[in-house]
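Read the structure below first, then the notes.
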Amino acid sequence: MASRKLLLLPGDGIGPEAMAEVRKLIDFMNAQMSAGFETEEGLVGGCAYDAHGQSISEADMAKAMAADAVLFGAVGGPKWDAVPYEVRPEAGLLRLRKDMELFANLRPAICYPALAQSSSLKPEVVEGLDILIIRELTGGVYFGEPKEIIDLGNGQKRGIDTQVYDPFEIGRIAGVAFELARTRRNEVCSMEKRNVMKSGVLWNEVVTATHKARYSDVKLTHMLADAGGMQLVRWPKQFDVIVTDNLFGDMLSDVAAMLTGSLGMLPSASLGAPDAKTGSRKALYEPVHGSAPDIAGQGIANPIAMIASFAMCLRYSFNMVEEADRLERAISAVLDDGLRTADIMSDGMTQVGTTQMGDAILARFKAA
Ligand code: IPM
Ligand code: MG
1 MASRKLLLLP GDGIGPEAMA EVRKLIDFMN AQMSAGFETE EGLVGGCAYD
51 AHGQSISEAD MAKAMAADAV LFGAVGGPKW DAVPYEVRPE AGLLRLRKDM
101 ELFANLRPAI CYPALAQSSS LKPEVVEGLD ILIIRELTGG VYFGEPKEII
151 DLGNGQKRGI DTQVYDPFEI GRIAGVAFEL ARTRRNEVCS MEKRNVMKSG
201 VLWNEVVTAT HKARYSDVKL THMLADAGGM QLVRWPKQFD VIVTDNLFGD
251 MLSDVAAMLT GSLGMLPSAS LGAPDAKTGS RKALYEPVHG SAPDIAGQGI
301 ANPIAMIASF AMCLRYSFNM VEEADRLERA ISAVLDDGLR TADIMSDGMT
351 QVGTTQMGDA ILARFKAA
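For the sequence shown, the residue numbers in the numbering used here are 1 to 368.
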């Protein structure tokens, strides 16, 4: 039996509740499908700060580096608003991304047929939506130096962040986008702000050159990122794959998430480069939603984004394509059955809590 090393980092807020539903799936797959998952657990975010005074301990970082894949819940909450910036909960997630070199963040926005009514947009605008946002995750303004608040000495301060991209960073994320487009509708739209940002000019040049050199079979378009945001809410179905930088990708993926009905629906995968010898890659899977402290602990959170993130883990880290398809079909079937958590509830549907939603998905997965 293959051994598959999984590190679970449930984190804060609704993270642990959502992760508990994935654990049920892992237990079932080990017991009934000889999946051979070996799970370990660690702390990240506010809970890690409470335990160790750090947003992730060195020991848990080492576990993450050694795992075949990491499943991440969510971090943060008002309890840690006043902790030092360096050890704020989000720093743990950023360190995982940076140290594991997870430069490619895949954020699919799929509108399940049953949820077209839940979107704030008209059903015909979102019905059948299937787009993939590829966000660059280890560069740009989130990591660029200098990054500081300086004292100008005259009673004034200045906050500085630096947007910086090197060609290799742009070329490799563009490559991921073109490769994935080939498995879909074969179209990539690259978004930047070349009209005001030098890094945008370079982004545009490198994406264009990468396309010309290796991917000219893929249809490539360019859009300014602000116009891209507008087009995403005007007519999102015009897009197949969107590739963009860390900051724009953060914003545009939240916009895309809402098209699908709720932030509680969106999974994501953060991937490193494939190892030249083994072909395996470091990977972390996380829901796009945050820790939702306002509803944490009430048993009402939507576990679908977390479960769908596990489906992406099966697909991208373990090549368990059939099982991933089956899990995604189980999610769709449960929605077709009319089950809804509070965030996607609508008239005539059956409102359920986190564990009921998880149990229903597991039951459909078992039966498939
Ligand atoms: C995301 C989140 C994170 C980010 C935060 C929690 C650091 O917004 O994954 O989209 O900014 O990348
Ligand atoms: Mg975000």
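Even for Gly, the Cβ is constructed at its ideal location relative to N, Cα and C. All of these numbers come straight from a predicted model, not from anything done at the bench.
I'd like the span of the beta strand (DSSP E) that includes residue i, first residue to last.
i       : result
Phe-37  : 37-41
Ser-123 : It is Pro, not Ser, that sits at residue 123 in the sequence shown. Pro-123 -> not in any beta strand (DSSP E); alpha helix (DSSP H) instead, spanning 123-126.
Val-141 : Taken as a continuous stretch (DSSP letters only), Val-141 belongs to no beta strand (DSSP E), as it is neither H nor E.
Asp-151 : 148-151
Leu-263 : Unbroken run through Leu-263: none, as it is neither H nor E.
Lys-282 : First-last for Lys-282: undefined, no H or E at that position.
For a test of your reading of the model: does the CB of residue i fall under 7 angstroms from any non-hydrogen atom of the ligand MG? Yes or no.
i       : result
Met-254 : According to the sequence provided, residue 254 is Asp. The question's Met does not apply to it. Because some heavy atom of the ligand MG lies under 7 angstroms away, the Cβ of Asp-254 counts as near it: yes.
Just to confirm before moving on: does the CB-CB distance between residue i and residue j stay below 8 angstroms?
i       : j       : result
Gly-228 : Leu-266 : no
Ala-269 : Leu-106 : yes
Thr-36  : Leu-7   : The sequence shown places Gly at residue 36, rather than the Thr named in the question. It is not a contact, given that the beta carbons lie outside the stated cut-off.
Lys-277 : Glu-101 : no
Val-218 : Arg-182 : yes
Ala-342 : Ile-300 : yes
Ala-64  : Val-70  : yes
Met-345 : Gly-338 : no
Glu-148 : Gly-358 : no
Gly-272 : Phe-72  : no
Between which two residues does the alpha helix (DSSP H) holding residue i run?
i       : result
Phe-365 : 354-367
Ile-307 : 304-316
Ser-332 : 321-336
His-52  : 46-52
Pro-16  : 15-33
The ligand IPM and residue i: does any heavy atom of the ligand fall closer than 7 angstroms to the residue's C-beta?
i       : result
Asp-250 : yes
Leu-327 : no
Gly-73  : no
Glu-145 : no
Val-288 : yes
Leu-93  : yes
Glu-187 : no
Glu-136 : no
Glu-90  : yes
Which residue from the options puts its Cα closest to that of residue i?
i       : options                               : result
Lys-122 : Pro-236, Ala-91 and Asp-99            : Pro-236
Gly-53  : Val-70, Gln-351, Glu-86 and Tyr-165   : Glu-86
Glu-323 : Gly-11, Met-19 and Ile-26             : Ile-26
Ile-110 : Gly-353, Ala-257, Asn-154 and Gly-140 : Ala-257
Gly-159 : Asp-166, Tyr-165 and Asp-151          : Asp-151
Pro-146 : Asp-161, Gly-153, Lys-157 and Arg-135 : Asp-161
Asp-245 : Asp-99, Glu-192 and Phe-168           : Glu-192
Ala-292 : Leu-284, Phe-28 and Asn-302           : Asn-302
Leu-129 : Leu-259, Ile-361 and Thr-39           : Leu-259
Arg-340 : Glu-286, Pro-78 and Ser-262           : Ser-262
For the putative contact between residue i and residue j, defined by C-beta atoms under 8 angstroms, what is the C-beta separation to the nearest angstrom?
i       : j       : result
Phe-365 : Ala-330 : 4 angstroms
Pro-89  : Tyr-49  : 7 angstroms
Val-241 : Arg-184 : 6 angstroms
Gly-175 : Thr-210 : 6 angstroms
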